[in-house]
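Here the protein sequences come in this chain order: P and W. Residues 28 to 295 in this note's numbering are what the first sequence spells out, letter by letter. Residues 58 to 321 in this note's numbering are what the second sequence spells out, letter by letter. Virtual Cβ for every residue (Gly too), placed ideally from N, Cα, C. Remember, predicted model here, so these are calculated numbers, not experimental data. Let me begin by presenting the structure, written as structure tokens, before commenting on it.
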Amino acid sequence: MLKKTGEFRVRSFEDGDEIEFLRLFDRMYVDYGGFTLKTPEYWRWCCLKRPDVEREGLFVVVDKKDENVVGYAVVGRSGNIWELCYDLGRDGEEIVSLLLGKVTRYLERVGTTSISFNAPREDHVMNHVCKELGFAVLPPRKMFLSVLNFRELVSLLVKSKKEDLLMRFDEVVLVKLKDAPFWVNDTVFIQISRDGVQVGDGAQSPTIRMETDVITFSSLLFGILSPFQSLIRLKLRVKPFWKTPTLLMLISSLRMKTTWFFPLSDYG
Amino acid sequence: MFNSKDEEDLKQLIENVFRDFLNGKYWDWKYKFNPDFDPSLVAIAEKNGKIIGCNHWLLRRLKISALTEVKAVLGADIAVRPEYRGRGIGKSLLLFLRSSKAIRDKGAVLSYMFADPNLSKSFYGPAAGYIPAPTTTISYFKLLSWSKLKNNIKAVNEKIKHESKRLEKLNLKILFQLSGAPQLLLKLSKKGIEDGETDLQNADVIVIGDLSTLAVLKGREGRIRNLLKALLTRKLKIKGGLFSILKFYRSFWLVEEIFREKVS
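Structure below.
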């Protein structure tokens with residue numbers, strides 16, 4: 028059963044609400060990979076001006092006491108809820124059920140036959156409300172990634188983990204990508220020493236040489252494949268071989284541990 | 058590269074390839090009015106002055122971890138005229154943008170896109186090293202009415218009206234109780250298919266599951282294997298007398314026909 032406190036009410040969209048929407052959206056999704064920081068101008072284009080969105084398809088939940096915005100939904104005539112957010116510090120279940128109730132009635136009125144939206148798997152509030160309201164869980168469209176500049180990506184990762192790397196390693200690693208196409212740098216040097224960390228295209232003689240392919244290296248960096256698995260599958264060659272444990276630890280430190288989420292509005 | 062005089066041809070191509078697009082309005086909104094639109098990130102394939110393919114990319118800033126943000130490009134709409142497919146034009150369009158000076162100048166580190174997993178396995182992965190993102194996203198779905206299915210029923214009835222022999226022995230009421238959808242009762246008889254009141258008492262067979270199991274009924278390859286898999290993993294349950302279940306199996310081709318077209 029969904030509880031109701033009667034603290035909130037739903038109103039229609041008013042110009043200027045987008046500032047509060049962005050605050051809610053940022054707070055809810057900022058820790059996910061794939062998060063895009065939106066400006067009000069971008070939001071207006073992405074949601075308000077979307078061809079299937081009408082102003083009646085925007086629902087705002089406010090606190091009855093102070094009229095603060097605590098949730099919103101943007102739904103198009105296509106049946107897609109492009110964005111649905113609630114204030115993490117408030118009663119999310121009531122906010123989400125109010126919004127989904129309004130959205131359903133709106134879509135039934137305009138003759139749309141289905142509703143769909145995306146949410147992170149671990150959002151228990153959405154999960155519970157959707158279960159109560161009879162939603163099914165379907166696999167979403169898949170998101171795919173491809174690295175355009177390995178050197179830059181590794182450099183950003185190394186910088187973000189600099190302190191940890193300096194404490195644990197003193198190596199010069201050469202990563203060789205054997206199937207790199209001509210527009211991707213096929214070598215990445217990672218130099219970690221007392222002088223600091225550096226990523227580039229050339230350095231002093233490497234202490235570890237790693238040879239792999241583009242897909243394996245991408246999968247390692249994005250945390251899809253573990254370094255150990257790639258070694259077992261012979262996707263990774265290390266020279267000298269006794270440096271293998273050090274290299275595996277280094278890659279483990281570098282790899283991203285972020286989970287990715289994208290609302291429907293991010294499709295484009 | 059894109060030139061403003063290509064706009065109309067491009068819209069036409071996109072509309073022809075992606076039928077769901079909203080008559081040019083969608084292209085205008087997505088690209089022309091997009092604050093991040095950059096014409097240098099649109100690649101066009103031409104033959105004798107006619108546009109036969111295109112690829113659109115959009116520049117974004119994307120978080121890849123709590124502390125790291127990168128410039129990335131969203132691979133948006135890639136389209137090739139049907140008569141030119143299978144000649145490597147799509148791949149060339151993809152590689153052209155990836156290796157372009159525009160991408161290098163913008164400092165993009167990543168490219169990402171949303172696509173059919175099968176297409177990625179066969180096309181995007183080998184062509185440009187795309188890997189699936191470690192995503193936590195799930196999609197919630199609810200069917201509000203079966204009105205589109207009713208149109209499918211009309212079409213199927215029209216198609217089978219001369220198959221009276223095959224339909225002669227069919228007299229079956231199937232109730233679908235799928236989570237995320239209203240109940241649906243299908244009456245199969247020699248007159249064809251009718252959808253009726255969802256009266257549980259009247260059903261000979263009850264199909265219980267969720268909407269994801271609809272794929273089983275869509276007549277894709279290996280449907281019997283998929284059906285068995287769904288039954289064994291209890292994603293789909295079929296209740297009814299043995300005789301009725303056998304009848305359901307015999308009439309499965311008809312159910313398949315109905316669910317083959319879009320229902321939402």
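Leaving aside the five residues before and after residue i along the sequence, list all residues of the same chain whose C-beta is less than 6 angstroms from its C-beta, in chain order.
{"i": "Lys244(W)", "result": "Lys230, Glu251, Gly253"}
{"i": "Ala100(P)", "result": "Phe86, Ile108, Leu111, Leu126, Val130"}
{"i": "Ile146(W)", "result": "Ala102, Gly110, Val137"}
{"i": "Val102(P)", "result": "Gly84, Ile108, Val130"}
{"i": "Ile121(W)", "result": "Val127"}
In this structure, does DSSP put residue i in helix, strand or coil?
{"i": "Thr140(P)", "result": "coil"}
{"i": "Met194(P)", "result": "helix"}
{"i": "His113(W)", "result": "strand"}
{"i": "Thr192(W)", "result": "strand"}
{"i": "Trp300(P)", "result": "Lying outside 28 to 295, the shown extent of chain P, residue 300(P) is not represented and no answer is given."}
{"i": "Asp134(W)", "result": "strand"}
{"i": "Ser157(W)", "result": "coil"}
{"i": "Gln258(W)", "result": "helix"}
{"i": "Phe35(P)", "result": "strand"}
{"i": "Ile305(W)", "result": "A small correction: the amino acid at residue 305(W) is Phe; Ile does not occupy that position in the sequence shown. Phe305(W): helix per DSSP, three-state reduction."}
{"i": "Phe171(W)", "result": "strand"}
{"i": "Asn91(W)", "result": "coil"}
Measure from the alpha carbon of residue i to the alpha carbon of each residue in the options, then state which is nearest.
{"i": "Val303(P)", "options": "Met283(P), Glu110(P), Arg50(P)", "result": "Outside the displayed range of chain P (28 to 295) lies residue 303(P), so it cannot be described from this structure."}
{"i": "Ala146(P)", "options": "Ile217(P), Asp197(P), Phe52(P)", "result": "Phe52(P)"}
{"i": "Ile235(P)", "options": "Val215(P), Ser253(P), Ile242(P)", "result": "Val215(P)"}
{"i": "Cys111(W)", "options": "Arg117(W), Pro139(W), Glu318(W)", "result": "Pro139(W)"}
{"i": "Ser246(P)", "options": "Pro189(W), Glu225(W), Ile265(W), Phe198(W)", "result": "Pro189(W)"}
{"i": "Gln218(P)", "options": "Phe268(P), Gly84(P), Lys169(P), Leu277(P)", "result": "Leu277(P)"}
{"i": "Thr270(W)", "options": "Ala287(W), Ile263(W), Ala260(W), Ile281(W)", "result": "Ala287(W)"}
{"i": "Ile315(W)", "options": "Lys211(W), Thr194(W), Phe90(W)", "result": "Lys211(W)"}
{"i": "Ile217(W)", "options": "Leu241(W), Leu201(W), Gly249(W)", "result": "Gly249(W)"}
{"i": "Pro290(P)", "options": "Val57(P), Gly33(P), Asn212(P)", "result": "Val57(P)"}
{"i": "Val200(P)", "options": "Val211(P), Phe209(P), Asp206(P), Arg178(P)", "result": "Arg178(P)"}
{"i": "Val127(W)", "options": "Ser143(P), Ser173(P), Pro233(P)", "result": "Ser173(P)"}
{"i": "Thr239(P)", "options": "Thr32(P), Gln256(P), Phe171(P), Gly119(P)", "result": "Gln256(P)"}
{"i": "Leu281(P)", "options": "Ser253(P), Val211(P), Ile122(P)", "result": "Ser253(P)"}
{"i": "Trp114(W)", "options": "Lys104(W), Leu131(W), Gly106(W)", "result": "Leu131(W)"}
{"i": "Lys158(P)", "options": "Tyr181(W), Tyr197(W), Thr192(W)", "result": "Tyr197(W)"}
Provide the residue span of the alpha helix (DSSP H) that contains residue i, from first to last.
{"i": "Lys158(P)", "result": "151 to 159"}
{"i": "Lys205(W)", "result": "204 to 217"}
{"i": "Trp72(P)", "result": "Taken as a continuous stretch (DSSP letters only), Trp72(P) belongs to no alpha helix (DSSP H), as it is neither H nor E."}
{"i": "Ala185(W)", "result": "182 to 185"}
{"i": "Lys222(W)", "result": "221 to 224"}
{"i": "Ser182(P)", "result": "177 to 187"}
{"i": "Phe48(P)", "result": "44 to 56"}
{"i": "Leu172(P)", "result": "Per DSSP, Leu172(P) belongs to no alpha helix (DSSP H); it is in the beta strand (DSSP E), 169 to 174."}
Grab the span of the beta strand (DSSP E) containing residue i for me, first residue to last.
{"i": "Ile263(W)", "result": "262 to 267"}
{"i": "Leu90(P)", "result": "Looking at the sequence shown, residue 90(P) is not Leu but Asp. Element bounds for Asp90(P): 80 to 90."}
{"i": "Asp66(W)", "result": "Taken as a continuous stretch (DSSP letters only), Asp66(W) belongs to no beta strand (DSSP E), being part of the alpha helix (DSSP H) at 64 to 74."}
Within its chain, find whatever has a CB closer than 7 angstroms to the CB of residue i; leave out the 5 residues flanking it on each side and keep chain order.
{"i": "Trp70(P)", "result": "Glu45, Phe48, Leu49"}
{"i": "Asp66(W)", "result": "Ile108"}
{"i": "Tyr133(P)", "result": "Glu83, Gly84, Val102"}
{"i": "Ile302(W)", "result": "Val262, Ile295"}
Among the residues of its own chain, which have a CB less than 8 angstroms from the CB of residue i, if the five just before and after it don't count?
{"i": "Ala129(W)", "result": "Leu116, Arg117, Arg118, Leu119, Ala165, Val166, Leu167, Ser168, Tyr169"}
{"i": "Asp267(W)", "result": "Leu235, Ser236, Gly237, Lys292"}
{"i": "Gly60(P)", "result": "Met283, Thr285, Thr286, Trp287, Phe288"}
{"i": "Leu201(W)", "result": "Pro239"}
Could I get the ranges of all uninterrupted beta strand (DSSP E) runs contained in the segment 206 to 280 of chain P, with 3 residues as the minimum, in chain order? The DSSP assignment places 214 to 220, 223 to 227, 235 to 239, 264 to 266 as complete runs of the beta strand (DSSP E) inside the segment 206 to 280 of chain P, in order along the chain (cut-off: 3 residues).
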